[in-house]
Amino acid sequence: MKRRKALGLITAVAVLASSFSGCALLGGKDKSAIEDAAISYVEAIRDGKLDKSKKLVEDEEDYFQSAELTDQQSELIGAILSASEFEVQDIEVNKDEGSASVVITMPDVESINEEGYTFEEYVDAIADIEDTTDEEVNLDFVKDGEDWLIAADSTQDFYDFITGVADSCEFGGLSEAGAIEAVDTFIQYLRDGDFESAYAMSNTDTEFEEFQEGMDTYGDAIESVMTSYYGNLEYTSEVTETTDDSITVSITGTAPDVESSIEAAFSDTNAAAPVMADVVGYSILGDVSEEDAMNEFFQFIGSAIQTGNPIPYSSSLVVTADEAGNLLVDPADDFMFDTDFDISDYMDSEELQQATFQYLVDQGRMSQSDVDNLMGGGSSSVPTGDDVTINVVDYGDDLYSYNASLTTAGIELTVVTWGYYDEGTVFNYEVSVDGSDAAITGSYPMPDDMEDHIEILIPAFADDMSGNYVVTVYDADSSSSVLCKLELVVLGEGAPAVNVTPGDAPAFGESMTADEVSDDAYSFHFTDGNGNWLDDEDVYASNRGAVDFTARTWDYYDRGASSYCDVYVDGEYVDTIVATSSTDNNDAFDFSYEPSSLADGDYVFVIHEVDNDGGLDEDVLFIAYATVETQN
Numbered sequence: 037m038k039r040r041k042a043l044g045l046i047t048a049v050a051v052l053a054s055s056f057s058g059c060a061l062l063g064g065k066d067k068s069a070i071e072d073a074a075i076s077y078v079e080a081i082r083d084g085k086l087d088k089s090k091k092l093v094e095d096e097e098d099y100f101q102s103a104e105l106t107d108q109q110s111e112l113i114g115a116i117l118s119a120s121e122f123e124v125q126d127i128e129v130n131k132d133e134g135s136a137s138v139v140i141t142m143p144d145v146e147s148i149n150e151e152g153y154t155f156e157e158y159v160d161a162i163a164d165i166e167d168t169t170d171e172e173v174n175l176d177f178v179k180d181g182e183d184w185l186i187a188a189d190s191t192q193d194f195y196d197f198i199t200g201v202a203d204s205c206e207f208g209g210l211s212e213a214g215a216i217e218a219v220d221t222f223i224q225y226l227r228d229g230d231f232e233s234a235y236a237m238s239n240t241d242t243e244f245e246e247f248q249e250g251m252d253t254y255g256d257a258i259e260s261v262m263t264s265y266y267g268n269l270e271y272t273s274e275v276t277e278t279t280d281d282s283i284t285v286s287i288t289g290t291a292p293d294v295e296s297s298i299e300a301a302f303s304d305t306n307a308a309a310p311v312m313a314d315v316v317g318y319s320i321l322g323d324v325s326e327e328d329a330m331n332e333f334f335q336f337i338g339s340a341i342q343t344g345n346p347i348p349y350s351s352s353l354v355v356t357a358d359e360a361g362n363l364l365v366d367p368a369d370d371f372m373f374d375t376d377f378d379i380s381d382y383m384d385s386e387e388l389q390q391a392t393f394q395y396l397v398d399q400g401r402m403s404q405s406d407v408d409n410l411m412g413g414g415s416s417s418v419p420t421g422d423d424v425t426i427n428v429v430d431y432g433d434d435l436y437s438y439n440a441s442l443t444t445a446g447i448e449l450t451v452v453t454w455g456y457y458d459e460g461t462v463f464n465y466e467v468s469v470d471g472s473d474a475a476i477t478g479s480y481p482m483p484d485d486m487e488d489h490i491e492i493l494i495p496a497f498a499d500d501m502s503g504n505y506v507v508t509v510y511d512a513d514s515s516s517s518v519l520c521k522l523e524l525v526v527l528g529e530g531a532p533a534v535n536v537t538p539g540d541a542p543a544f545g546e547s548m549t550a551d552e553v554s555d556d557a558y559s560f561h562f563t564d565g566n567g568n569w570l571d572d573e574d575v576y577a578s579n580r581g582a583v584d585f586t587a588r589t590w591d592y593y594d595r596g597a598s599s600y601c602d603v604y605v606d607g608e609y610v611d612t613i614v615a616t617s618s619t620d621n622n623d624a625f626d627f628s629y630e631p632s633s634l635a636d637g638d639y640v641f642v643i644h645e646v647d648n649d650g651g652l653d654e655d656v657l658f659i660a661y662a663t664v665e666t667q668n
């Protein structure tokens with residue numbers, strides 16, 4: 037009995053010793069858990085599974101979550117760790133804390149840095165690297181219940197280590213041969229009409245970006261223009277400059293004479309008139325969509341370029357590489373032909389205008405009276421700028437804002453609504469000129485969904501665009517409910533080049549107001565001729581016989597100093613009057629516009645800055661507005 041009992045005791049002691057050595061005393065179970073956590077963490081980072089890696093970190097504060105990785109770093113780290121082997125060594129456990137070293141046997145990536153690989157080639161080559169290097173990363177651990185987790189600070193150590201390895205990789209593929217090949221590829225895309233691929237290769241800071249913006253609407257037509265030009269470009273190329281970051285490739289050869297070929301095409305009125313008729317149909321009549329009209333226009337341009345005679349051509353392109361080693365091409369400004377296709381330029385000739393409108397009359401799309409109202413005296417040099425003043429006659433609840441400007445194409449009016457409309461929603465409009473019946477009628481279909489801009493062009497078919505234009509825009513799909521009725525006033529030749537933005541300045545005809553233009557402008561008042569201010573008046577009475585006003589300056593001027601004032605009535609220049617200082621240190625200049633008969637109408641007074649030598653200063657001091665009416 038005693039012997040059997042002794043054997044039992046020995047067995048119990050042996051079991052207990054085994055328990056101590058395998059778990060609590062020597063940490064065998066904990067060490068195994070730490071090893072598993074370390075390997076699992078590195079593998080999760082390798083596989084890009086950051087949701088998994090953070091669960092192995094204390095409080096899930098994995099540094100890879102907060103610092104993040106670029107796509108390039110992620111791909112490199114994945115390739116490097118996939119070609120590596122891991123071994124956990126030197127595991128130590130002290131109660132609820134632990135540490136370990138992760139030895140990573142990884143490919144020596146620096147051994148392929150001089151190969152000139154592109155990024156994708158570099159990533160593919162990592163798996164075949166024979167030279168290896170051993171790197172050691174120390175990790176700290178904390179015990180959380182029965183689990184061992186990596187200490188949060190240690191994850192930053194591993195992040196810094198592995199991203200440092202990735203950042204040591206060198207690739208690019210930027211070489212002289214590669215640069216010339218990139219240029220050839222870029223031009224071939226344009227020849228093939230593969231504009232999307234060409235745009236993807238180009239820097240978006242070039243004017244190709246402008247073409248990209250129009251691709252959705254005019255894609256086929258623009259590609260026709262590009263293929264017509266670059267399909268007939270003959271060139272040779274050579275590298276003319278090399279830096280660490282870029283290679284310049286110069287190309288010389290021949291290209292179609294765009295200007296002459298287009299000019300010749302539009303001189304053929306039989307061919308050009310149908311094209312321009314649909315442009316008029318879109319911009320004025322509203323019976324052709326913008327997409328159809330502009331596609332037809334650009335197709336015509338492309339066909340014209342095809343016939344162009346070859347002329348000398350030279351340009352250059354700068355080739356660079358992005359972070360991924362992809363080659364980018366940045367063409368110089370002269371790489372492209374003139375892309376500013378201003379439609380009004382092609383309507384300069386009276387012959388083409390007549391042929392275009394005759395074509396529309398023959399088709400029954402316009403009447404001869406419509407043509408007579410539009411043609412005027414033929415297109416000429418039309419002043420441009422923000423020279424259109426707007427007076428709101430009537431408006432509805434859906435009117436949000438408006439603006440207009442005078443360009444070589446004519447008066448461009450934009451009306452913005454409160455609502456947003458579906459593609460194809462139609463806004464009808466009509467325009468009367470100088471009190472006549474509606475000279476222009478048309479409609480504007482919304483080009484896209486959720487649109488709120490209505491674009492109206494009053495074309496520049498007359499020598500002088502000055503006058504009063506009353507534009508009535510009707511609500512969506514209506515011909516009676518008014519969205520807005522606007523009076524547009526264009527001053528005649530001789531109007532000062534003053535930067536007054538419509539809508540910001542007082543509206544034309546808004547009675548008894550003035551706009552300060554110069555820093556020297558102090559105050560302005562209309563008067564009754566006896567020095568009494570008329571600021572509370574609604575209109576100026578024509579039976580006074582004159583319009584009197586006083587302009588005061590901040591500065592004081594000597595005797596003889598002069599200020600000139602240009603007078604416009606209903607948009608037409610009629611006279612220039614002058615006020616002269618009769619004393620020294622004077623800041624007030626009294627004007628009186630007193631014609632033989634003061635007519636009713638809308639007046640604009642442009643008062644020039646004071647010239648101390650008695651001459652005419654071209655700069656403007658005030659612009660004043662008055663509506664003059666006969667009062668019984």
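In terms of this note's numbering, the sequence shown opens at residue 37 and continues consecutively. Note that beta-carbon positions come from the ideal geometry of N, C-alpha and C, so glycine has one too.
For residue i, which three-state DSSP category applies?
i    : result
D611 : strand
P532 : Because P532 carries a pLDDT of 44, less than 50, the predicted location of this residue cannot be relied on, and the following value inherits that uncertainty. Coil at P532, not helix or strand.
L62  : At L62, the pLDDT of 43 sits below 50, so the modelled position is not reliable and the matter cannot be decided from this model.
Y639 : strand
Y465 : strand
K85  : coil
N130 : strand
Y153 : coil
L634 : coil
T477 : strand
T169 : strand
V219 : helix
E359 : coil
V201 : helix
D653 : coil
Assuming contact is defined by CB atoms lying nearer than 8 Å, are residue i and residue j in contact in what I supplied?
i    : j    : result
L634 : G596 : no
S468 : V407 : no
Y195 : A103 : yes
S296 : G344 : yes
D511 : V452 : no
I223 : P292 : no
L185 : F197 : no
D66  : V138 : no
V428 : V219 : no
S351 : F373 : no
G607 : G503 : yes
V583 : Y639 : yes
E326 : P495 : no
D485 : D458 : yes
V518 : T589 : no
Does the beta-carbon of residue i have 16 or more other beta-carbons within 10 angstroms, so that it is buried, or is it exposed?
i    : result
T276 : exposed
D107 : exposed
W331 : A small correction: the amino acid at residue 331 is Asn; Trp does not occupy that position in the sequence shown. With 16 or more Cβ atoms within 10 Å of its Cβ, N331 is classed as buried.
A163 : exposed
L388 : buried
W454 : exposed
P348 : exposed
G338 : buried
D126 : exposed
Y629 : buried
P346 : exposed
L657 : buried
A329 : buried
T392 : buried
Throw me the rounded Cβ distance for the residue i and residue j pair, which I believe falls under 8 Å.
i    : j    : result
S68  : G84  : With 8 Å as the limit, S68 and G84 do not qualify as a contact, their Cβ atoms being about 26 Å apart.
T612 : V525 : Contact flag wrong, Cβ pair sits at about 19 Å.
T288 : Y271 : 6 Å
F560 : A587 : 5 Å
L493 : E523 : 17 Å between Cβ atoms; not a contact.
Which one or two residues does DSSP pair with residue i in a beta bridge?
i    : result
E454 : Sequence check: residue 454 is Trp here, not Glu. W454 pairs with nothing; no bridge assigned.
V428 : L522
Q125 : S137
L449 : A440, I492
E4   : Outside the shown range of the chain (37 to 668) lies residue 4, about which nothing can therefore be said.
Hey, is residue i's beta-carbon within less than 8 Å of any beta-carbon in chain D?
i    : result
F625 : Protein chain content of the structure displayed is limited to a single chain, and chain D is not contained in it.
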